[in-house]
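A short write-up of the structure that comes next.
The structure is reproduced here in structure tokens:
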């Protein structure tokens, strides 16, 4: 119905006008994938950081997002890139335990915290810029 | 060293004087397990909610915590109890992507948000009380 967690999340994302920075361990929800591609087509600058191990799994949206022309970077470490957050227009932080998967949205007990409080948003913005640069393919080490 | 993520987390936890409510998908860190048992011995009221599937895995601290006399409840659903938060003295919320595992602390890229802002703390307190009651063994359905 109109106020399920997925609808709330979609409503927040679809307020994006300029930028959407997404940092997600797992992204396989088709509805959220469609929303992100829609924002990209509207001219919003979308950037995605994800986990290298998870991105290749069946059902991952990452391939479709890349095909749509969206920039995606991934970790190159043995540990997980385990964040689950997004920042809309550098202004609104969406963070919590929720991966963007249908399993998590429908079956799990999860939390999502949404805030425009700069004190909380800024460290996540800083972390995004830090790992966006760290995972730049130019910096890949082959091992 | 003194200000690694584990030290910061321990420092926050060890401020508990009256209560510690923990809601964690995975809890296997021996250091954090010791800290929680220490608080229990000091007379802090510790309550733990965890995930039924994960709690039996090798390395889980849940057995040791129960042996120490700490109350633990778990979900009885097919989905995951995927929260990763704690509330200290009903006052300080510690939440984020981090499960309390050595793997996550040492190898993953994670976030932990710490706040005493009632606006953010209260919904997590409410969620804790809700699932603490929901997972009361009295309410078990056998299936």
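Protein chains in written order, with UniProt numbering: chain E, 1 to 143; chain R, 1 to 143. Glycine included, C-beta positions come from ideal geometry on N, C-alpha and C.
Leaving aside the five residues before and after residue 94(R) along the sequence, list all residues of the same chain whose C-beta is less than 8 Å from its C-beta, in chain order.
-> 9, 12, 13, 85, 86, 87, 88, 112, 113 and 114
For residue 131(R), collect the residues of the same chain with a Cβ closer than 6 Å to its Cβ; drop the 5 residues on either side in sequence, then sort them by chain order.
-> 49
Answer with buried or exposed for residue 57(E), where buried requires no fewer than 16 other C-beta atoms within 10 angstroms of its C-beta.
-> exposed
Can you list, in chain order, the stretches of the beta strand (DSSP E) that have 3 or more residues and sit fully within the region 37-124 of chain R?
-> 45-50, 71-74, 84-88, 92-96 and 112-115
Taking 8 Å as the cut-off, decide whether the C-beta atoms of residue 51(R) and residue 135(R) are in contact.
-> no
Between 34(R), 82(R), 42(R) and 39(R), which lies nearest to residue 55(R) when the distance is taken from Cα to Cα?
-> 82(R)
Kindly identify the DSSP beta-bridge partner or partners of residue 4(E).
-> In the DSSP output, where bridge partners are listed per residue, residue 4(E) has none listed.
Candidates 15(E), 25(E), 21(E) and 16(E), of which the one nearest residue 104(E) by Cα | 25(E)
Interface flag, residue 83(R) vs chain E, CB-CB below 8 Å = yes
Own chain, CB closer than 6 Å to residue 21(R), minus 5 neighbours either side, in chain order = 47, 87 and 128
Is it the case that the Cβ atoms of residue 44(R) and residue 16(R) are separated by a distance below 8 Å?
-> yes
Residue range of the beta strand (DSSP E) that includes residue 19(E) = 19-24
Identity of the residue in 7(R), 133(R) and 64(R) nearest residue 73(R) by Cα | 133(R)
Drop a sphere of 10 angstroms on the beta-carbon of residue 4(E), count the other beta-carbons inside from all chains shown, and report buried for 16 or more, exposed for fewer.
-> exposed
With a cut-off of 8 Å, does the C-beta of residue 191(E) fall near any C-beta of chain R?
-> Residue 191(E) lies beyond the residue range present for chain E, which begins at 1 and ends at 143; the question has no answer from this structure.
Cα-Cα separation, residue 66(E) to residue 98(E) = 22 Å
Contacts that residue 120(E) makes with chain R (C-beta to C-beta distance below 9 Å) = 113, 115, 117 and 120
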